[in-house]
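Read through the structure below, which is laid out as structure tokens, and then see the notes.
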Amino acid sequence: MRFFLLTGLMFALMALALVTWPSVRAFAADPPPITTIAPPELSMDDVLHFSEADWKKRLTPEQFQVLRRQGTEPAFCGGYSATKTHGPGTYHCVGCGAELFTSTTKFDSGSGWPSFFQPISGKVGEEVDNAHGMERTEVHCARCHGHLGHVFNDGPAPTRLRYCINAVTLSFVSTPATESKKD
Ligand SMILES: [Zn+2]
-5 MRFFLLTGLM FALMALALVT WPSVRAFAAD PPPITTIAPP ELSMDDVLHF SEADWKKRLT
55 PEQFQVLRRQ GTEPAFCGGY SATKTHGPGT YHCVGCGAEL FTSTTKFDSG SGWPSFFQPI
115 SGKVGEEVDN AHGMERTEVH CARCHGHLGH VFNDGPAPTR LRYCINAVTL SFVSTPATES
175 KKD
């Protein structure tokens, strides 16, 4: 009898934990999709006229929290962190569809967040970020200004930079085998 009570209590606690940590649950239960179809692309004009309410409608709560509120997803929860496992392809901004990074610049940093040593030229903007008592360089999508993560000076050659990106902001589009052979 005591065994059943204890087991029941454990399940109740686990259920409570899942309910009270909605963000962790959402990230853990929702691995990013791998697709060959690029996300719908917004023009610069669309993006300029988007209100907060428009972004809220367009994004999931986790995407909104990171892209529009400078949030950070928990490490190892968002997927895309292991190197090269998705094959050749392009990482797009989930906010506006812009191409941000290619798989050829991705590396395994061990940080639990997808890491790149270089963005696609002109696609990622930078800003000094003094939040949380640290001086860091914030990086964002140059088109929709959605927050992506930070860039650090401890990356690999050739740039020695590490773009540490929230997986929830990225949509990976794999390159069809026929196209990748041409590279
Ligand atoms: Zn964007």
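So the sequence shown is numbered by the working numbering: it starts at -5 and just counts up by one.
C-beta atoms are modelled at their ideal positions from N, C-alpha and C, and glycine is treated no differently.
Each of PHE44, GLU121, HIS43 and GLY106 was checked against the Cα of THR66, and the nearest Cα belongs to GLY106.
The C-alpha of ASP148 lies about 16 Å from the C-alpha of VAL133. Fully contained in the stretch 111 to 145 are the following beta strand (DSSP E) runs of length 3 or more, in chain order: 118 to 123 and 130 to 135.
Checking the DSSP bridge columns, you'll see GLY89 has no partner listed. The shortest C-alpha to C-alpha distance from PHE101 to any of GLY81, CYS90 and GLY91 is the one to GLY81. Selection GLY127, TYR85, CYS138 and MET128 evaluated against PRO113 yields TYR85 as nearest (Cα-Cα). Residue environment: GLY104 is assigned as exposed (fewer than 16 neighbouring CB atoms within 10 Å of its CB, all protein chains considered). When Cβ pairs closer than 8 Å are counted between the two stretches, the stretch 86 to 94 is seen to touch the stretch 155 to 167, the count reaching three or more.
In this structure the stretch 141 to 161 lies against the stretch 91 to 101, because at least three pairs of beta carbons, one per stretch, are closer than 8 Å. Residue pairing by DSSP places LYS100 opposite PHE110 in a beta bridge. For PHE166, the enclosing beta strand (DSSP E) has its first and last residue at 164 to 168. When the beta-carbon positions are compared, CYS90 and LEU42 stay at least 8 Å from each other. Where ARG156 is concerned, the enclosing beta strand (DSSP E) starts and stops at 156 to 159. THR84 has THR96 and VAL167 as its beta-bridge partners, per DSSP. Counting only heavy atoms of ligand 1, the residues whose C-beta sits closer than 6 Å to one of them are, along the chain, CYS87, GLY89, CYS90, ALA92, CYS135, ARG137, CYS138 and GLY140. One thing to note: ARG62 has its Cβ within 8 Å of the Cβ of GLY140.
Within the same chain, ALA92, GLY116, LYS117, VAL118 and GLY119 come within 8 Å of ALA136 by CB-CB distance, once the 5 residues on both sides are set aside. In the three-state DSSP reduction, GLN64 falls in the coil class, being neither helix nor strand.
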